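*Asks:* For the sequence shown, my numbering begins at 72 and goes up steadily by one.
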Amino acid sequence: MLILGIETSCDETSASIVENGGKILSNIITSQDEIHAPYGGIVPELASRKQLESIGWVAREALNKAGISLPKIDAIAVTYGPGLAGSLLIGVEFAKSLAYSLSVPFIGINHIEAHLYANFLETSEIQFPYIGLIISGGHTSLFYVEDFLKYSFLGQTRDDACGEAFDKGAQILKLGYPGGPIIDKISKTGNPAAIKFPRAKLENPFDFSFSGLKTSLLRYVEKQGKITKKELPDIAASFQEAIVDALIKKTILAAEHKKVDTIVIGGGVAANSRIRIKIYKEADRKNLKVFFPKHFKLCTDNAAMVAGLGYWMLKKGKTSSLNLDIQPNVF
Ligand code: KG4
Ligand code: ZN
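Laid out in structure tokens, this is it:
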């Protein structure tokens, strides 16, 4: 069965063909980093305008790369939320028109559930229940997951998402956008214990907070005055360490609290090299299994995860009506 997935929840425009929920035939992703870089973050209006321009050829490219003609598609799956309203509308309207004209099922997909599904595109070893950690530019959330669509919330960020913290941190250090991959790279030559940035303490042990950390970095930079090239890796590595420590500590605590032995991580920040190294080590000590998408393309926003989950939903009869509305704040 061939599913065409469409993803436009943030600044990426992506289309993918996935066969039987696991075989990725194509996964075309166009990013807009250079458009938003001058602003140090995403400008929603610019994002949706660019998506309106590119959605048609991105979908065509996904079909061409997969060697599949449009009439062969069995269903269309699309992200309906959470995300930026204007961006979601572009993908959802495009997918609806296509599903209507082809007379095939239309499936609305939750972006967060799709990020967790990204792991299932690469392995069949994941067993429920597990602790799901979603770390991206818009979310930092912990879930207890019993099945693909059956899960409960354990905690989330009270302010900035961890990806947002990386992006704002990079802006403070004048490193460019998106900040996550840049800080990740610079930190490789730095000492993560050089500066003791704060770790937030919250009432719910599974909640996160990164705005204090951001302020603390800003104060540090203001106090130091000019940051030299030599100091930068230590500052970046120490800042990254504070984010990574919080993510790992709370996720492992959640696994112990819920007595599960599996952790599944998704979202753009899952591409971070430091969190991968540290959590594998910690999980090994505690006999926990940890899954990340191995391909970075499946960590950040992509339509393969949407098409993959779409297949599973279609099999369960969970299709959507063409009246489906976007839900920018579904979580
Ligand atoms: O999941 P995603 O592509 O989009 C959202 O749904 O938000 O995540 C994008 C976020 C950005 O904040 C970016 O800085 C961050 O993921 N990111 C990283 C890395 N690669 C991307 N953060 C830390 N380390 C990385 N290697
Ligand atoms: Zn995402």
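We put the CB at the ideal spot given by N, CA and C, even for glycine. Note that the coordinates shown come from a computational prediction; the quantities given were computed from them, not determined experimentally.
Looking at C-alpha atoms only, which residue of ASP396, ASN400 and VAL401 is the closest neighbour of PHE177?
*Replies:* ASP396
*Asks:* Would DSSP call ILE100 helix, strand or coil?
*Replies:* strand
*Asks:* Assuming ILE99 contacts GLU132 (C-beta within less than 8 angstroms), just tell me the rounded distance between them.
*Replies:* 5 angstroms
*Asks:* Let's see if you can read the secondary structure: which residues bound the beta strand (DSSP E) around SER87?
*Replies:* 84 to 90
*Asks:* Starting from the N-terminal end, write out each residue whose C-beta falls within a distance shorter than 5 angstroms of any non-hydrogen atom of the ligand ZN.
*Replies:* SER207 and ASP372
*Asks:* Flag PRO252 as yes when its Cβ comes closer than 7 angstroms to any non-hydrogen atom of the ligand KG4, and as no otherwise.
*Replies:* yes
*Asks:* On the three-state DSSP scale, how would you describe PHE191?
*Replies:* helix
*Asks:* Per DSSP, which residues does ASN181 bridge with? Please list them.
*Replies:* GLY152
*Asks:* Between the beta-carbon of LEU369 and the beta-carbon of GLU184, is there less than 8 angstroms?
*Replies:* No, the pair does not count as a contact, with Cβ atoms beyond the cut-off.
*Asks:* Use the C-beta contact count for LEU318: other C-beta atoms within 10 angstroms, 16 or more gives buried, fewer gives exposed.
*Replies:* Per the 10 Å Cβ criterion, buried.
*Asks:* State yes or no: is the C-beta of PHE237 nearer than 7 angstroms to some heavy atom of the ligand KG4?
*Replies:* yes
*Asks:* Name the residue from PHE165, SER172 and PHE191 whose alpha carbon lies nearest to the alpha carbon of GLY179.
*Replies:* It is PHE165.
*Asks:* Return the chain-ordered list of same chain residues with a C-beta closer than 6 angstroms to the C-beta of ASN343, the five sequence neighbours on each side being excluded.
*Replies:* Answer for ASN343: ASP255, listed in chain order.
*Asks:* Give the C-beta separation of GLY111 and GLN242 to the nearest angstrom, bearing in mind that I take them to be a contact with Cβ-Cβ under 8 angstroms.
*Replies:* Confirmed, Cβ separation roughly 4 angstroms.
*Asks:* Hey, would you say the C-beta of GLY338 is under 7 angstroms away from at least one heavy atom of the ligand GDP?
*Replies:* Here the bound small molecules are the ligand KG4 and the ligand ZN; the ligand GDP is not part of this structure.
*Asks:* Taking Cβ positions, are VAL175 and ALA146 nearer each other than 8 angstroms?
*Replies:* Taking 8 angstroms as the Cβ cut-off, VAL175 and ALA146 qualify as a contacting pair.
*Asks:* The beta strand (DSSP E) that contains ILE334, what's its start and end?
*Replies:* 333 to 337
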